[in-house]
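Worksheet: the structure to be examined is printed underneath.
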Amino acid sequence: MKFKPANNIQDLQYFGEFGGVNPSISDSSTYTFLSAKTMFDTFEGNADGCYLYSRHTSPSNLYLGEALAAMEGTETANVSASGMGAITPVIMQLCGAGDHVVSSRTIYGGTYAFLKNFTPRFDIQTSFVDITKLDVVEAAITKNTKILYCESVSNPLLEVADIAALAKLAKKYNLKLVVDNTFSPLSISPAKLGADVVIHSLTKFINGSSDTVGGVVCGTQEFINELKDVNSGASMLLGSTMDSLRSASVLKNLRTLHIRMEQHSKNATYLAEQFQLLGLKTVYPGLVSHPSHEIFKSMMNEKYGFGGMLTIDVGSLDKANALMEMMQNKNLGYLAVSLGFYKTLFSAPGTSTSSEIPEDEQVEMGLTDGLIRFSIGLDADIERTFEMMKACMEELDILEKREVVELV
Ligand SMILES: *Cc1c(COP(=O)(O)O)cnc(C)c1O
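If you count the sequence shown from 1, position 316 lands on 307 in this note's numbering, and the numbers rise without skipping.
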C-alpha cells in the first residue's frame, strides 16, 4: 500500500490510563524501579520499556515521537525542546574533530550560524554549496565528510533539494543525508526518498499555533538510541528535552496538520499565481516558473500541495518595510518571523532571520533587500485577502514597473 503520512498518524491508538481518548500526560521527572537491579540495567542501556529520568525519555515524549516517526516513515524519533535542539545534537553526534560537513548554503539562519561559527571550535568544518547543483555537491565531498545537510525546501529562498539524488550521493560516499523538512511536512517524505535522518522544527507548521518552540529527530532505532545514550548521546548530554505538558499539546495539534497543510497550500498557490500575474518577482515551488517545480512535483505527496511559503521581491527594503507595515495595519497578517501560523506572517529575511549570513554572501545567493517572505495563513477568503494586498501595493507604487510574466 502507498505510504500515507496523515493516515499513519491517524491510525495510532493510545488511550489514557483511565481510558481517556488522549494519552495521559506524564507529570514526572523521575521514575521508580521495583528492583535495584533493573535500575542498574537501565543505566547500562538494556532495560526495555523502563523509564529512568525525563531528560532521557518520558511517556508523553514517546507518544509524540512515535506519531512523528509514523508521519515520516522512520523507525522511531526523539522530540526536543526546539528545532535547534534537534539539529545541533545530530551534527555533534555524527561529527567529531577533523570531520567535515557538506551543507546547502541556503538554510535556516541558526543552522548556518552553528555550522559556520560554532562547530569550527570543535574542528568540524563545513563547505556551503548550491544544493541544486549535484556536481558541485559531489565535488565538495572530502575523505573527512560525514554529513550531507539540506532542507527539503530551503529557508528563505525556497530552493528545492533533489533528495533521491542526494541520497544516492550520500550512499556512494558513505555519508549520512540529514534533511530538515520543516517547510514541507506531509508534502515531502524525505526518509521515503532515502534520507537517513529527518529533522523538523515543530515550532512551525506541525504545531501550527505559534505558542511554543519544539523539534524532532526522526531516524533509525539505532541512531536515536545513540542520541539518547546515557554516556555518549548528544541529545541526552546536551539536554534540550521537551517538557511532557508541551509534547502532549503538540500531539493534539499534530492531528489537524493534514487539513491545515491543504489550506496553507491552497491559499499560497492562489496568491503566488496572482502575484506573478501582477508582474511581481514571485518564488513558489508550485509555480511552473520555479526552477525546481518538476523536482518538487516528483517528490511530493500531492494532496498536501506545494506548501505555505512564498517570497516576492518588491524592489527595495524601504518598499518591503512599508508594505509589511501597511499589510499589518490592515490586519492581513503579522510582521513577524516564524511560519505555519493561522495568520499570514511576513518578514524581510535579509534583515531578520538570515542576518547571520554576511551581506555579500546574501547578494550572491539571491537574498535581495526587497525580498519579503510570506508564510500564508489559513484565510477563509483568500480572494479578498489578495484584493486587499493588491490595494496596498498600488498605494505604495510597488506595481509601477512590473514586467508581465505569462502564467503557463
Ligand atoms: C525555525 C527553523 C529552525 C529552528 O527551529 P527552532 O524551533 O526555532 O529552534 C530550523 N530549521 C528551519 C527550516 C526553521 O524554519
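Just so it is clear, CB atoms sit at the ideal spot from N, CA and C, and this is done for glycine as well.
For this session: Consult DSSP for G56 and reduce its assignment to one of helix, strand or coil.
Result: The answer is helix: DSSP assigns G56 an H, G or I state.
Exercise. How is the beta strand (DSSP E) around K272 delimited, first residue to last?
Worked result: Unbroken beta strand (DSSP E) run through K272: K272 to V274.
Problem set entry | Residue nearest to E217 in terms of C-alpha spacing, selected from A130, T29, P(-4) and C86 | Closest option to E217, Cα to Cα, is C86.
Problem set entry | Three-state secondary structure (DSSP) of D100 | Correcting the residue type first, residue 100 is Gly in the shown sequence and not Asp. It is helical.
Exercise. Would you say V93 reaches chain D, if we count a Cβ-Cβ gap shorter than 9 angstroms as a contact?
Worked result: The question asks about chain D, but that chain is absent: this structure has only one protein chain.
Exercise. Which residue's Cα is closest to the Cα of Q1: R246, E142 and M252?
Worked result: If we check each option's Cα against that of Q1, R246 comes out closest.
For this session: Per DSSP, which residues does S283 bridge with? Please list them.
Result: Assignment of beta-bridge partners to S283 by DSSP yields no partner.
Exercise. Over what stretch of residues does the alpha helix (DSSP H) that includes I154 continue unbroken?
Worked result: Its alpha helix (DSSP H) spans residues I154 to K163.
Exercise. By DSSP, does N216 sit in helix, in strand, or in coil?
Worked result: Under the three-state reduction of DSSP output, N216 falls in the helix class.
For this session: Check whether the Cβ of Y99 sits closer than 8 angstroms to any heavy atom of ligand 1, and report yes or no.
Result: Using a cutoff of 8 angstroms, the CB of Y99 counts as near ligand 1, since one of the ligand's heavy atoms is closer than that.
Problem set entry | Spatially closest choice to V305 from H191, R364 and I138, by CA coordinates | It is R364 whose Cα lies nearest to the Cα of V305.
Exercise. How big is the Cα-Cα spacing for E129 and L160?
Worked result: Each residue's alpha carbon lies about 7 angstroms from the other.
Exercise. Does DSSP put G76 in a helix, in a strand, or in coil?
Worked result: Helix, per DSSP.
Exercise. Tell me which same chain residues have a C-beta within less than 8 angstroms of the C-beta of Y325, skipping the five on either side of it?
Worked result: Excluding residues within five positions, the ones whose Cβ falls inside 8 angstroms are Q319, F332, K334, T335, L336 and F337.
Exercise. What do you reckon, is the C-beta of N292 under 8 angstroms from a heavy atom of ligand 1?
Worked result: N292 Cβ: outside cutoff for every heavy atom of ligand 1.
Exercise. On the premise that I190 lies in contact with A77, defined as a C-beta separation below 8 angstroms, what is that separation, rounded to the nearest angstrom?
Worked result: With 8 angstroms as the limit, A77 and I190 qualify as a contact, their Cβ atoms being about 5 angstroms apart.
Problem set entry | Nonlocal neighbours in the same chain, by C-beta distance under 8 angstroms from T48, ignoring five residues either side | Apart from sequence neighbours up to five positions away, the residues of its chain that approach T48 with a beta-carbon distance below 8 angstroms are Y42 and K219, ordered along the chain.
For this session: Out of V354, M315, A339 and L358, point me to the one whose CA is closest to M380's CA.
Result: Ranking the options by Cα distance to M380, first place goes to M315.
Exercise. Less than 8 angstroms between the CB of G296 and some heavy atom of ligand 1, yes or no?
Worked result: Placement of the Cβ of G296 at a distance of 8 angstroms or more from every heavy atom of ligand 1 is found.
Exercise. Who does H91 pair with in a DSSP beta bridge?
Worked result: Under DSSP, H91 takes part in a beta bridge, and its partners are Q116 and T136.
Problem set entry | One or two residues paired with K167 in a DSSP bridge | Partner(s): I138.
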